[in-house]
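The next block holds one structure in the form of structure tokens; read it before the comments.
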Amino acid sequence: MPATKFICPDGSRVDIKKCLQRCIHDQRCMFLPTLRAIARSLDRGIKEPTVTELICGVRETYLKKTMEYAVKPYDQLYAIHGSAVHTINEGFTEGNMFSEERLYDDITSGKFDLYGQIIDLNDKSLGDYKVTSSYKLMRALGYYKVDVITGEIYKTGLRKGQMKTRKEWRTDGVRHLLDWAVQLNYYRMLLEHRGFKVERMEVQAMCRDYSLRIATERNIRKPVYMIHINKISDRWIKLYMNSKAKKLNIALKNKLMPEMCTSKERWKNRKCAEYCVVAESCTFGRLVKKQIKAAA
Ligand code: SF4
Ligand code: SF4
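As numbered in my numbering, the sequence shown has no gaps in its residue numbers, which increase by one up to the final residue, 831.
Written as structure tokens, this is what we have:
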């Protein structure tokens, strides 16, 4: 079931259809075409779970498919930024290149962004556009800070006699990009099953808060990064996605709430607290929000 309501900037709720006919407030929060684009992005009209839906927690996808929910148009802007990037590139996919084809198998379906000569003219690459935050980029690139001893010693204060340190960036950390890797590897499998060899996989990740100081503080110094995605075995990808698809289908068939999303899928509860649009229909999401309210 797609989202049925918008949450206005003042917190009031309105049926999406009603909003698109007439704003219930004195002034629209956005132009009508932008709101229409947001409404369209919320309902892609695909009944079966897609690759991106299966990558999310089974409970989250189950709730999105069975419950009515409300979204804040402001929060959805990033999703349509992603579509805008696709549209900008669309007119320039000349040569031996395919884009935005939805491919199906017996588990799910996925729409890849670009395949073919996307890096150079002898290329069989699979590419994906992402518009993402500096936080996600820092983690995907494996950036982390370490304390480095400066050689100086504190001469006064509580730390007298201790070595002074300064923070330095390292770029060889664990790359937290499993979701992107699963997504691209699944598209790779779908293409290869149709006879299209994929020689490399790359994400072109644009940083949406690049101009802010917070991005520099996370060592993100470029507006766009090319991130290489390693191959994951077909066997692992199939087992992983098949198990999630099975859990979701059983839950949908029996109308039974699936187990809670995993800690990774919940982003250690950050998603439940702020970003999960179905948190109000989830016992755990309600609990996390209640705890945050009580602590405030
Ligand atoms: S235009 Fe914005 S403020 Fe007006 S009803 Fe729609 S969501 Fe609410
Ligand atoms: S609130 Fe958390 S646990 Fe519940 S569906 Fe959303 S992400 Fe999953």
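All C-beta atoms in this analysis are idealised placements derived from N, C-alpha and C, irrespective of residue type, glycine included.
- Between the segment 592–603 and the segment 657–675, the count of C-beta pairs closer than 8 Å stays below three; the two stretches do not touch.
- Exclusion of the five residues before and after Lys782 leaves Val593 and Pro793 as the residues of its chain whose Cβ lies within less than 7 Å of its Cβ.
- In this chain, the alpha helix (DSSP H) harbouring Trp771 covers Asp769 to Asn789.
- For Val823, the enclosing alpha helix (DSSP H) has its first and last residue at Thr818 to Ala830.
- Leu791 counts as exposed, since fewer than 16 other beta carbons sit within 10 angstroms of its beta carbon.
- Counting C-beta atoms within 10 angstroms of its own C-beta, Asn789 has fewer than 16 neighbours from the protein chains shown and is therefore classed as exposed.
- For Leu598, the distance from the CB to the nearest heavy atom of ligand 2 is below 7 Å.
- Beta bridge pairing from DSSP links Tyr650 with Phe633 and Leu661.
- Phe541 has its CB nearer than 7 Å to a heavy atom of ligand 1.
- Excluding residues up to 5 positions away in sequence, Tyr689 lie with their Cβ nearer than 7 Å to the Cβ of Lys695 in the same chain.
- The beta carbon of Ser668 sits closer than 8 Å to the beta carbons of Cys742, Arg743 and Asp744 from its chain, once the five residues preceding and following it are set aside; these are given in chain order.
- Checking the 7 Å criterion, the Cβ of Met673 is out of range of every heavy atom belonging to ligand 1.
- Taken through DSSP and simplified to helix, strand or coil, Tyr810 comes out as helix.
- Nearest neighbour of Tyr664 by Cα position, chosen from Ala786, Ile653 and Glu588, turns out to be Ile653.
- In the DSSP assignment, the residues bridged to Phe541 are Val549 and Val606.
- Residue pairing of Lys699 in beta bridges, as defined by DSSP: absent, with no partner found.
- When secondary structure is reduced to three states using DSSP, Ile623 falls in the helix class.
- Note that the C-beta distance between Leu649 and Pro608 is not below 8 Å.
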